[in-house]
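Student:
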Amino acid sequence: MIDLAQGACDILRAADPADKVTRALALAADWNAGHAAFQSPGDPPARPARPERPHLLPARAMPKRKAGGSIEKRIALLHALAHIELNAIDLAWDIVARFGTAGTPRDFFGDWVKVGQEEAIHFSLLQARLVELGAQYGDLPAHDGLWQAAEETAHDLLARLAIVPLVLEARGLDVTPATIIDFNRAGDERSAAILERIYRDEIGHVAAGTRWFRHFAEAADLDSKQAWQDRVRRHFKGTLKPPFNDAARSEAGFDPEFYRPLSA
Ligand SMILES: [Fe+2]
Ligand SMILES: [Fe+2]
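Heads up: the sequence shown begins at 9 in my numbering, then just goes up one per residue.
(1) Is it buried or exposed, Ile79, if we count other Cβ atoms within 10 angstroms and call 16 or more buried?
(2) Please state whether the Cβ-Cβ distance between His151 and Ile206 is less than 9 angstroms.
(3) What does the shell around ligand 1 hold, if a residue joins when its beta-carbon is under 6 angstroms from any heavy atom?
(4) On a Cα-Cα basis, can you pick out the residue from Ala256, Leu86, Ala23 and Phe244 that is closest to Asp196?
(5) What is the DSSP secondary structure of His151, reduced to helix, strand or coil?
(6) Please classify Lys28: is it buried, with 16 or more other beta-carbons within 10 angstroms of its beta-carbon, or exposed?
(7) By DSSP, does Ala44 sit in helix, in strand, or in coil?
(8) Under 9 angstroms between the Cβ atoms of Ala23 and Gly50?
(9) Helix, strand or coil: how does DSSP classify Asp24 here?
(10) Under the DSSP definition of a beta bridge, which residues are partnered with Leu65?
(11) Is there at least one non-hydrogen atom of ligand 2 closer than 8 angstroms to the beta-carbon of Pro173?
(12) Once DSSP output is grouped into helix, strand and coil, what is the label at Ser271?
(13) Under the criterion of a Cβ to heavy atom distance below 8 angstroms, does Glu177 qualify as lining ligand 2?
(14) First and last residue of the alpha helix (DSSP H) that includes Asp238?
(15) Decide if the region 221 to 233 is in contact with the region 246 to 255; the criterion is three or more beta carbon pairs, one per stretch, under 8 angstroms apart.
(16) Could you check the C-alpha separation between Gly217 and Pro173 for me, to the nearest Å?
(17) Let me make sure I understand the geometry here. Which of Asp182, Glu204, Ile202 and Asp190 has the alpha-carbon closest to that of Asp262?
(18) Just how far apart, CA to CA, sit Val240 and Leu99?
(19) Per DSSP, what kind of secondary structure is Leu141 in: helix, strand or coil?
(20) Between the region 134 to 151 and the region 54 to 65, do three or more beta carbon pairs fall short of 8 angstroms?
(21) Which same chain residues, not among the five before or five after Leu89, have their C-beta less than 6 angstroms away from its C-beta?
(22) Should Glu93 and Gly212 be called a contact, given that it needs their Cβ atoms to be closer than 9 angstroms?
(23) Could you check what DSSP says for Asp11 in three-state terms: helix, strand or coil?
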């Protein structure tokens, strides 16, 4: 039997994106076939391994990205999205490795294994599209701040779930529809179709966040709305930016009563 948390740690320690993806897909397949199980808690690295390229820059030093339009702009956007998805692979497996215990419900692992599998697919689709456009992941500088939310919430599963799926991935639902329109407008239906696929999957990731945030808040005798707002105030700098995609958020079971009061 493959040890799920150990396998998740191996994914986090894989620096090469193709190796990371292969390991994530293999572990998910093993889990789905009943060949992997949670056996002992993991010892995940504080930061996941990264390839030599892309060069990582502080957020303020990143060139501003624009959607649609010229091939350079489209490549820059796809590259930025690939970088987000690479981080998302690690974020999903880090939840499994860092927060899994002997008492964790099996469905919790099942949900995050599925997220970790889909993030690996998202990265692969974007990387393949970059190659079709004559580029590849690593060609452009990338944002160094994406792991900050993970470090900020490494001590507390409720904080992790409050910020990663329910602030950051939910924000993805708000902005992705406009990006899809921009790609279509630029005549790039292939990139638009990849983003459509990602968008559908990401509704499921927010749904997993909602489901497990409620579960663990209730298990700790907390009011889930109050507990979510407390953690967002404590661990997320700034306010939540409208407009919100209420339809997609509701499909994920994420109630406007949670996030509206914290919006700008
Ligand atoms: Fe994704
Ligand atoms: Fe996601």
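All C-beta atoms in this analysis are idealised placements derived from N, C-alpha and C, irrespective of residue type, glycine included.
Tutor: From the atom records:
(1) exposed
(2) no
(3) Glu93, Ala96, Glu127, His130, Ile206 and Glu210
(4) Leu86
(5) strand
(6) buried
(7) strand
(8) no
(9) coil
(10) His151
(11) yes
(12) strand
(13) yes
(14) Ser232 to His243
(15) no
(16) 5 angstroms
(17) It should be pointed out that residue 262 corresponds to Phe in this sequence rather than to Asp. Cα-wise, what sits closest to Phe262 is Asp182.
(18) 18 angstroms
(19) coil
(20) yes
(21) Leu134
(22) no
(23) strand
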